[in-house]
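Below is one structure, written out as structure tokens; comments come after it.
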Amino acid sequence: MQPIEFCSLGASSEVNLTVFNSTTQVFNYLDSPIIENYDDVLLLNFIPSTWTAGCVLSSPLFVAVLFIILSFIIWLIMFTIKKRQPTSFDTHRKRAKCILKHIDLIGEGERLVGGLASIVIFAIVIYSIVFAVYYFFSYSSDNTWIREACNDSLRNTKFDNALQLPLPDPKGNDWKIFQLLKDQNFNMTVALINTAAKCDNIDVHHKKHAGHSEKISKIYCNDSNNNFTTSFNFQIPTHISTVQVGINGPYFIGAIRLCLHGLPKCVNDEDEYRELKELDVCTLFHTDKKTIGLSTYFNADLVRVINVTKPLRRNQNTNYSGVWKPITTYIDNLSDDLYYAKYGEYLRYASDQTTFTVKFKEQNYYVQNNKSPIIRRGAITFHTFMFMFLLIDTIAMFFLVYKLWGQPLVRCLVQLCYKSREHEFQSNHTETAIEVSYSFLYFLY
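Under our numbering, read the sequence shown as residues 37 to 481, first letter to last.
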């Protein structure tokens with residue numbers, strides 16, 4: 037990443053802002069695949085999504101064509117052996133013919149061609165079983181996919197999400213994951229960027245609604261002069277606290293980065309698994325070529341994000357995982373532009389104190405992300421076998437249509453062609469005989 041040099045008016049030095057980037061843990065939830073019906077997924081899987089070499093070679097269409105060519109080669113070899121004089125290969129041909137008739141699923145063990153077609157069916161059936169196994173275990177989004185070369189998104193997973201209110205169930209019970217989120221303690225790390233302020237100049241207070249404040253002790257503080265940045269950490273009293281930070285002395289502040297941290301926790305009960313994820317997010321605030329205002333206010337809205345993962349097997353438990361999503365914004369203006377608007381003059385001298393206030397608030401709603409499998413083991417087994425039987429019946433129908441309509445039509449065409457050639461041959465023979473007779477009479481006379 038290309039460094040971003042930051043040097044505002046009144047700054048102590050030039051600072052690389054890329055070191056203090058904003059970070060987040062929550063992103064847009066995934067979308068469900070367009071096709072959620074397993075039967076449609078099976079049919080879609082037979083046609084390559086892209087005609088690249090890797091995609092075509094891994095598609096069942098290529099496997100079917102490959103085995104069709106192999107079956108044709110076997111038939112051609114057996115036909116060539118049959119037309120030649122009886123040799124030792126004829127015994128092997130009869131044995132192979134017997135085996136192919138025994139595996140004939142189309143003509144019920146009566147036709148050689150049906151056995152060759154059954155080889156293609158077996159190949160497609162095996163591929164369908166392999167596809168069903170991989171599709172079943174692709175429920176976890178972390179698993180790699182068998183047809184990665186095609187960039188397919190065929191996964192046994194569907195997603196949905198919505199804003200919800202934390203209402204109890206009909207029995208009056210709340211989700212236990214809410215209690216884990218409520219009990220998570222927050223630590224805030226503040227980075228005062230491009231400033232000469234030291235740790236001794238910084239005080240942190242908890243502003244209470246009664247009007248008085250309570251001092252909060254800093255857990256650690258670092259005011260190294262290497263990058264003109266002072267970082268300190270303290271614990272947030274509650275999730276609905278108001279915290280005020282005061283910097284005593286004539287110190288300008290180029291930028292502020294506010295970070296929230298919380299420890300993870302896991303609870304595994306008999307009925308469910310709950311995971312409180314680690315909180316580690318940061319938000320950077322700065323203005324172009326200006327320092328932070330003398331009195332700045334921030335709102336930190338805390339939104340609960342709960343992921344509900346349904347089990348792949350019915351005897352497994354539902355997994356709940358939760359994480360806080362802080363949305364931190366500043367109120368009014370981040371710089372001293374309002375000072376000029378109010379007093380009609382610029383701020384010419386450094387102030388004796390710079391303060392900023394952060395107000396934390398839990399939102400009433402929460403974001404619920406649901407993940408569940410499209411199809412489970414019993415249903416995928418049933419649909420795969422139904423697809424196999426449908427495939428066999430479809431190919432058998434083609435053979436039946438050929439036997440009822442195709443064979444008579446071919447025979448008629450062959451007979452017409454044979455009669456036409458026979459008639460042409462007889463006409464040519466008659467004309468030749470007449471010419472010979474006339475020549476003989478002419479010779480006599």
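Every residue gets a Cβ at the ideal spot worked out from N, C-alpha and C, and that includes glycine.
Bridge partner(s) assigned by DSSP for residue i
i	result
ILE363	ASP337
ILE229	THR265 and ALA291
THR390	ILE283
ARG310	VAL303 and TYR356
ASP67	DSSP output for ASP67 lists no bridge partner at all.
GLU398	LEU338
LYS407	PHE195 and THR345
THR200	Looking at the sequence shown, residue 200 is not Thr but Gln. According to DSSP, GLN200 bridges with TYR402.
Three-state class that DSSP yields for residue i in the structure shown
i	result
THR127	helix
ILE342	strand
TRP181	Any reading at TRP181 must be qualified, since the residue scores a pLDDT of 48, below 50, and its modelled position is unreliable; the value itself is stated next. DSSP places TRP181 in coil when its eight states are reduced to three.
GLN61	coil
SER371	coil
THR420	helix
ILE155	helix
GLY298	strand
PHE270	strand
THR319	strand
GLN220	coil
ASP239	strand
SER174	helix
THR430	helix
THR86	coil
THR116	helix
SER331	strand
Cβ-based neighbour list, residue i, same chain, cut-off 6 Å, excluding 5 preceding and 5 following
i	result
LEU66	PHE195
THR319	SER58, LEU294 and THR364
LYS234	ASP259
GLY380	Confidence in GLY380 is poor, its pLDDT being 49 and thus under 50, which makes the residue's placement too unreliable to answer from.
Chain-order list of residues whose beta-carbon lies under 8 Å from that of residue i (same chain, five-residue window excluded)
i	result
SER107	LEU152, ALA153, ILE155 and VAL156
VAL92	PRO84 and PHE98
VAL55	ASN263
CYS302	TYR309, ARG310, GLU311 and LEU312
SER249	HIS241, HIS242, LYS243 and GLN280
Check whether residue i and residue j have beta carbons under 8 Å apart
i	j	result
VAL226	VAL281	yes
LYS243	THR278	yes
VAL344	VAL62	no
GLU311	SER357	yes
PHE270	ILE283	no
THR323	THR266	no
LEU190	PHE423	no
ASN223	ILE272	yes
ILE411	TYR74	yes
TYR366	PHE334	yes
LEU296	PRO202	no
Spatial neighbours of residue i in its chain, beta-carbon cut-off 7 Å, leaving aside the 5 residues before and after
i	result
TRP111	LEU152
ALA198	GLN404
PHE115	none
ARG131	none
ILE182	Because ILE182 carries a pLDDT of 47, less than 50, the predicted location of this residue cannot be relied on, and the following value inherits that uncertainty. Closer than 7 Å at the Cβ level, and outside the excluded window around ILE182, lie TYR170.
GLU314	GLY298, LEU299 and PRO300
ALA89	none
Alpha-carbon spacing of residue i relative to residue j, whole angstroms
i	j	result
CYS173	PRO300	The displayed chain sequence assigns Phe, not Cys, to residue 173. About 28 Å.
LYS407	GLY285	53 Å
THR420	ARG447	39 Å
ILE428	SER68	32 Å
ASP219	ASN355	19 Å
TYR401	GLN200	6 Å
LEU228	ASN64	30 Å
GLY359	VAL339	For the record, residue 359 in the displayed sequence is Val; it is not Gly. Taking the straight line from one Cα to the other gives about 9 Å.
PRO206	ARG349	26 Å
LEU80	LEU436	27 Å
PHE530	ARG413	Lying outside 37 to 481, the shown extent of the chain, residue 530 is not represented and no answer is given.
PRO4	VAL450	What the structure shows of the chain is the stretch from 37 to 481, and residue 4 is not part of that stretch, so it cannot be assessed.
ILE431	PRO409	32 Å
PHE425	ILE113	30 Å
ASP307	PRO204	17 Å
PHE167	THR86	18 Å
ASP239	CYS257	11 Å
SER456	LYS118	30 Å
ARG129	ALA100	24 Å
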